[in-house]
Amino acid sequence: MIDIDFLESLIRALDASGLDSLELERGGTRIRLSRSPSPSFSSQGPVGAPVAPPPAPLPGPDAAGTTVPAPAPALKDAPAPPARLLEVTSPMVGTFYRAPAPDAPSYVEVGQSVGPGTVLCIIEAMKLMNELESEVSGTITKILVENAQPVEYGQLLFLIDPS
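Per the numbering used here, the very first residue in the sequence shown carries number 66; after that it's consecutive.
Printed below as a string of structure tokens:
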């Protein structure tokens with residue numbers, strides 16, 4: 066059972082911070098507080114639209130008393146994709162799967178043409194399998210995540226050449 070005073074203190078901490086959401090697991094119970102509603106999978110913006118990553122947690126002790134490490138610095142040497150390529154980013158935190166089953170062929174391969182509605186991958190989040198579909202026509206030029214790897218919200222997954 067969740068202590069109401071503890072929950073109220075989390076809400077006050079979220080209101081006082083610049084964070085949009087807060088997620089905490091304590092004693093087998095997961096609590097997620099958010100200022101804005103979770104985006105639905107189908108309401109994702111255009112594939113090429115810029116997506117701001119969620120704010121990184123600050124270093125120091127968290128609500129459970131454990132120390133949160135400082136975030137790793139961003140790589141400045143990472144090459145930016147050519148301007149004409151569209152970026153497909155992850156709409157959620159989860160596990161990236163290229164195929165519907167371990168023994169099944171991948172949904173897409175590099176060089177394959179895709180159109181709106183073509184399934185690109187599955188992202189498993191909280192035991193739910195979410196199909197990520199292309200919103201544009203084009204050719205897959207790069208797959209940036211390995212099968213069965215964890216992905217973050219806003220992480221770049223695919224590059225699509227719309228020409």
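Backbone N, C-alpha and C define an ideal beta-carbon position, used for all residues, glycine too. Predicted model, so just to flag it, every value in this text is computed and none were measured.
- Contact between residue 178 and residue 204 holds: their C-beta atoms lie close to 5 Å from each other, under 8 Å.
- According to DSSP, residue 195 shares a beta bridge with 188.
- Distances from the alpha-carbon of residue 227 to those of 153, 98, 85 put 153 closest.
- Less than 9 Å separates the beta-carbon of residue 97 from that of residue 86.
- Scanning 184, 193, 89, 165 for the CA closest to the CA of residue 201 turns up 184.
- If you draw a straight line from the Cα of residue 163 to the Cα of residue 69, it is about 42 Å long.
- The alpha-carbon of residue 175 is positioned some 9 Å away from that of residue 223.
- Taken atom to atom, the span from the alpha-carbon of residue 83 to that of residue 169 is near 44 Å.
- Assignment of residue 73 by DSSP, reduced to helix, strand and coil, places it in the helix class.
- Taking 9 Å as the cut-off, the Cβ atoms of residue 158 and residue 208 do not count as close.
- In the assembly as shown, residue 161 is a buried residue. Its beta-carbon has 16 or more other beta-carbons within 10 Å.
- Residue 77 has its alpha-carbon roughly 33 Å from the corresponding atom of residue 194.
- When DSSP states are grouped into helix, strand and coil, residue 226 belongs to the strand group.
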